[in-house]
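Position 22 of the sequence shown, counting from 1, maps to 26 under this note's numbering, and the rest follow consecutively.
Here a beta-carbon is modelled for each residue, glycine too, at the ideal position from N, C-alpha and C.
Have a look at the structure below before the remarks.
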Amino acid sequence: FFISCIIILLFVIFGGVGLNINILWLPVIAIIQAMFCLGVLLIFSSINVYVRDIEYLLGFIINLLFYLTPIVYRVDMFPEQYRWMLYLNPMTHFVDAYRNIFYYQVSPHFSSLGTMLGISFVILILGYIIILYQNKGSIVMQTPDMSNLRPNKGKKLIVETDWGKYARYPVKTHVVVKG
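This is the structure:
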């Protein structure tokens, strides 16, 4: 993302648009977008554990949202009565904000930015809660007690743990004893 921002900055500088003070909004917009993307990532990654085909559906949705996001076209190309539909896509707000600071050299719309901050925060917290609920507090896995096991040197010891009770398949830990 930041590599593409550098390329955009080079186009802005050498394309005759120039820079101004509104470029300082870039980290704010990028942090809000990162919060949104992380929240969506947490939600869909937790769903992907149970529904393996969600990745294919998500690929289709991302392609659809790409074409519904005004990247190569402007929002004002559409009649006023239909513009609200474009703003249902959350990425439209981010693209608008980036376009405002890079191309139009004005500050982003604060109502849109505040709305996206709130939505991003809620989605991030929701994704975090879903991940915690899904893992049932077992994010940090405990190693089984193997103090009474004494395998032969160089042999493989298979230890079954209860780590897999929250996953689809049982988990087996392979331990090779050396020494």
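For residue i, the three-state DSSP class (helix, strand or coil)
i	result
I143	Note that I143 scores a pLDDT of 42, beneath 50, so its modelled location is shaky and nothing firm can be said.
D57	coil
S50	helix
I33	helix
G22	coil
F82	coil
I135	helix
I75	coil
Status (buried if at least 16 other CB within 10 Å, exposed otherwise) for residue i
i	result
P74	buried
Q37	buried
Y102	buried
N104	buried
F40	buried
L117	buried
I162	Per-residue confidence for I162 stands at a pLDDT of 47, beneath the threshold of 50, marking its modelled position as unreliable; no derived number is given.
Endpoints, alpha helix (DSSP H) assigned at residue i
i	result
T96	P94 to R103
V16	F6 to F18
M89	R87 to L90
Cβ distance (whole Å) where residue i is taken to contact residue j below 8 Å
i	j	result
V55	I127	Going by Cβ atoms, the distance from V55 to I127 rounds to 19 Å, so no, they are not a contact pair.
V16	F114	At roughly 22 Å, the Cβ-Cβ gap does not stay under 8 Å, so V16 and F114 are not in contact.
L61	N93	Contact doesn't hold; Cβ gap of about 17 Å is too wide.
Test item: CB-CB of residue i and residue j under 7 Å
i	j	result
S124	N26	no
I47	I134	yes
M81	H97	no
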